[in-house]
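Asker:
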Amino acid sequence: MSDAKRIEVTIDGMKFIVMGSDNEKYVKDLAADLDEKIKETAKSNYKLNQVQTLVLCALNILDDLEKMKSDKMDLASMDDDKREIIEKMEEIKDLKKQLSIFEEENKKVNKSFRELQQKSLDVEDRNRKVNRDLLEKNKEILDLKEEINKLEGNISSLEEKNNSASRRIIDLTRELENLYEEK
20 MSDAKRIEVT IDGMKFIVMG SDNEKYVKDL AADLDEKIKE TAKSNYKLNQ VQTLVLCALN
80 ILDDLEKMKS DKMDLASMDD DKREIIEKME EIKDLKKQLS IFEEENKKVN KSFRELQQKS
140 LDVEDRNRKV NRDLLEKNKE ILDLKEEINK LEGNISSLEE KNNSASRRII DLTRELENLY
200 EEK
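Position one of the sequence shown corresponds to residue 20 (the numbering used here), numbered consecutively onward.
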């Protein structure tokens, strides 16, 4: 123990030599604190003798030490709780970020959906218009087919009349020829 120092302290009027490697000021401050505690204990319990005062002071110091240990454990427990709370808060922050991302994606999807819905409505409008046009064209085609049928009927009738007229012309031509020959 070459680092051991001899430090003289006074506690409750008694001189002690403390051997150790601790800082001299630290040791003297501890001795002064102990001396102060002994004086406080003696002052508040003036009927006690010196040994009783020292024992009661030691008991008070041990009580304070146990309370500090308990407080330290409570603090450690609170630190665990605090750490858990911080972890939960971080998790909440992450979830909020994810929610924000999902909300943005949802907005984009909703916007795309509305655009597609509008395009679908536009296509439906165009389809209705095309269907109306087709119906009109089909009606026109039916009207034209009827007209063609009528015209075909007229053509047949006219062909018959033409054939009849051609035969009549031929007959008349023959009659004329016969008449010229007779003259």
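No residue lacks a Cβ here, since even glycine has one placed at the ideal position from N, Cα and C.
Once the 5 residues before and after I174 are set aside, which same chain residues still bring their CB inside 7 Å of it?
Answerer: none
Asker: For the alpha helix (DSSP H) containing G172, list its first residue and its last residue.
Answerer: Q69 to E201
Asker: State yes or no: is the C-beta of T60 within less than 9 Å of the C-beta of L81?
Answerer: no
Asker: Just how far apart, CA to CA, sit K34 and A50?
Answerer: 10 Å
Asker: Straight-line CA distance for E159 to N125?
Answerer: 50 Å
Asker: In whole angstroms, what is the alpha-carbon distance linking K148 and F121?
Answerer: One alpha carbon belongs to K148, the other to F121, and they sit about 40 Å apart.
Asker: Rounded to the nearest angstrom, what separates M20 and A77 at their Cα positions?
Answerer: Confidence at M20 is low in this model, with a pLDDT of 47, below 50, so the placement of that residue is unreliable and no value is reported for it.
Asker: May I have the straight-line CA-CA distance separating K47 from M97, to the nearest angstrom?
Answerer: 34 Å
Asker: For K24, name the three-state secondary structure that DSSP assigns.
Answerer: strand
Asker: Can you check DSSP and say which residues form a bridge with T60?
Answerer: None; T60 has no bridge partner.
Asker: Hey, quick one: how far does the beta strand (DSSP E) through G32 stretch, first residue to last?
Answerer: That residue, G32, is in no beta strand (DSSP E); it is neither H nor E in DSSP.
Asker: Taking Cβ to Cβ, would you say L53 is nearer than 9 Å to I30?
Answerer: yes
Asker: Do K24 and E43 count as a contact pair if the criterion is CB distance below 9 Å?
Answerer: yes
Asker: What's the gap between the Cα of R102 and the Cα of V142?
Answerer: One C-alpha to the other measures close to 58 Å.
Asker: Assign I57 to buried or exposed, taking buried as 16 or more other Cβ atoms, counted over all protein chains shown, within 10 Å of its Cβ.
Answerer: buried
Asker: In whole angstroms, what is the alpha-carbon distance linking I104 and E110?
Answerer: Approximately 10 Å, taken between the alpha carbons.
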